[in-house]
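Undergrad: Just so we're aligned: the sequence shown equals residues -8 to 323 in the working numbering.
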Amino acid sequence: MNLESKIYVAGHRGLVGSALLRNLRAQGYANLLTRTHAELDLTDQAAVEAFFAAERPDHVFLAAARVGGIHANNAYTAEFIRDNLAIQTNIIHAAWKSGVKRLLFLGSSCIYPKLCAQPMKEEYLLTGPLEPTNRAYALAKIAGVQMCWSYNRQYGTRYLAVMPTNLYGPGDNYHPENSHVIPALIRKFHEGKVNGSTTVTVWGTGTPRREFLYSDDMADACVYLMNLPDERFNTLLGSDEVATGVFMPPLVNIGVGEDLTIRELAETVRRVVGFSGGIVFDAGKPDGTPRKLMDVSRLNAMGWRAHTGLEEGLRKAYANFLEQLGTTKAGS
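(1) Compute the Euclidean distance between the alpha carbons of Ser89 and Ala41, then round it to the nearest angstrom.
(2) Please work out which residues of its chain come closer than 6 Å, Cβ to Cβ, to Val271, disregarding the five sequence neighbours upstream and downstream, and give them in chain order.
(3) Using 10 angstroms around the beta-carbon of Ala339, count the other beta-carbons present and answer buried if the total reaches 16, otherwise exposed.
(4) Let me confirm a value: Pro174 is counted as buried when at least 16 other C-beta atoms fall within 10 Å, else exposed. Which label applies?
(5) So what's Glu(-5) in DSSP terms, helix, strand or just coil?
(6) For Leu(-6), is the classification buried or exposed, using 16 other Cβ atoms within 10 angstroms of its Cβ as the cut-off for buried?
(7) Based on DSSP bridge pairs, tell me the residues matched to Met285.
(8) What do you reckon, are the CB atoms on Arg325 and Asp207 nearer than 8 Å?
(9) Considering Leu95, what are the terminal residues of the beta strand (DSSP E) in which it resides?
(10) Name the DSSP beta bridge partners of Tyr142, please?
(11) Measure from the alpha carbon of Ala56 to the alpha carbon of each residue in Tyr150, Thr27, Lys184, Lys179, then state which is nearest.
(12) What separation, rounded to the nearest whole angstrom, lies between the Cα atoms of Val0 and Gly135?
(13) Can you name, in chain order, every residue of its own chain whose Cβ lies under 8 Å from the Cβ of Arg16, other than the five neighbours on each side?
(14) Can you tell me whether Tyr146 is buried or exposed, with buried defined as 16 or more other CB within 10 angstroms of its CB?
(15) Is the segment 205 to 223 touching the segment 157 to 168, taking contact as three or more C-beta pairs under 8 Å?
(16) Rounded to the nearest angstrom, how far is the Cβ of Ile102 from that of Met138, given a contact under 8 Å?
(17) Where are the beta strand (DSSP E) runs, 3 residues long or more, that stay fully inside the segment 239 to 284, in chain order?
(18) Per DSSP, Phe203 forms a beta bridge with which residues?
The following block contains the structure:
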């Protein structure tokens, strides 16, 4: 990409898309295309194709998606598979029709099997059953990877999928039921602090292990990959398995390569928020996948590593949460 390139960020208001916009603007990219849902319904094929035909972006970051935590994934399975399939299918196909040079499709680590070998390598895709609570979302994202792969093979496109680990940061969703684990914990501990609660209840046993990446680090990795020279970028676009017998999808993991238990995470968030009470784990609620640790050796070999530590990132995320509440300090 060059600074004059026309770049479309689909889903620019979300956690991922807003981080991408911040990174692109900070690096001097000014020709950025965005559309709100009210301006462009990405599940509407005709509207998406008309947008691409009119604007003809050079590059696309496909960050738009219906997302949520374990409760939302389990409760709204129809919407999660329907909307995500529609959004990514419409954008990827319209990008091909309008001659987009490079496209980056953002997925999720839940595409890997529930009991996947750890750490999870890109080639472990499709090697086992998925976690049932988010299978609908995972299958939609797997279809997006395959669509990039298929268009690359048949049409010579240059579409790359990236799978970030669990993300958190500015612009996160702090809904009490439908959010991911870090924003849910931030909200719970903050409310416990403000209300003077003696305990805060956390879903599950606290034993699953998770990896967390600050959203601005994720965005930096995405822009870094999109700026790789052609000879390096092309090596990431997937093998022709029929011809080579090698299963290597056009897929790159993005993460930090380290994880911790949900109990350890909860204790860290409690410390950052300043909640002095205890933590109660509700073992009657689902744990989800036992462990999800990304193998990031492929990305590291490209020359990129995460740089924001967990506690530093949590402090930034909590500050952003307070800004969303319209406060300047916890409890004010």
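Where a beta carbon is used, it is the ideal one built from N, C-alpha and C, also for glycine.
Note that the structure is predicted; figures quoted are calculated from it, not measured.
TA: In short, the structure shows the following:
(1) In the sequence shown, counting from the first residue as 1, residue 89 sits at position 98. In the sequence shown, counting from the first residue as 1, residue 41 sits at position 50. Rounded to the nearest whole angstrom, the CA to CA distance from Ser89 to Ala41 is 10 Å.
(2) Counted from its first residue, the sequence shown places residue 271 at position 280. The answer, listed in chain order, is Thr190, Thr192.
(3) The chain is shown from -8 up to 323; residue 339 falls before or after that span and cannot be answered.
(4) Along the sequence shown, one-based indexing puts residue 174 at 183. Buried.
(5) Walking along the sequence shown from the start, residue -5 turns up at place 4. In the three-state reduction of the DSSP assignment, Glu(-5) falls in the coil class.
(6) Residue numbering aside, residue -6 sits at position 3 when the sequence shown is read from its first letter. Exposed, since its Cβ has fewer than 16 Cβ neighbours within 10 Å.
(7) Here residue 285 refers to the residue found at position 294 when the sequence shown is read from its first residue. Listed as beta-bridge partners of Met285 by DSSP are Met111.
(8) Because residue 325 is not part of the residues shown, which for the chain are -8 to 323, the question remains open.
(9) Along the sequence shown, read from residue 1 onward, the residue named residue 95 stands at position 104. Start and end: 93 to 97.
(10) One-based indexing of the sequence shown puts residue 142 at position 151. In the DSSP output, where bridge partners are listed per residue, Tyr142 has none listed.
(11) The residue you call residue 56 lines up with position 65 of the sequence shown. It is Thr27.
(12) Translated into the one-based positions of the sequence shown, residue 0 becomes position 9. Translated into the one-based positions of the sequence shown, residue 135 becomes position 144. Cα to Cα, the separation comes out at about 17 Å.
(13) Looking up residue 16 in the sequence shown gives position 25. A distance below 8 Å between beta-carbons, with the five flanking residues on each side excluded, links Arg16 to the following residues of its chain, in chain order: Leu23.
(14) The sequence position of residue 146 within the sequence shown is 155, counting from 1. Per the 10 Å Cβ criterion, exposed.
(15) The segment 205 to 223 is in contact with the segment 157 to 168.
(16) Here the question's residue 102 lines up with position 111 in the sequence shown. Here the question's residue 138 lines up with position 147 in the sequence shown. No, Ile102 and Met138 are not in contact; Cβ-Cβ is about 13 Å, not under 8 Å.
(17) Positions of the beta strand (DSSP E) runs, each at least 3 residues long and wholly inside the segment 239 to 284, are given as 242 to 245, 269 to 273 in order along the chain.
(18) Locating residue 203 in the sequence shown gives position 212, counting from the first residue. Phe203 is bridged to Asn157.
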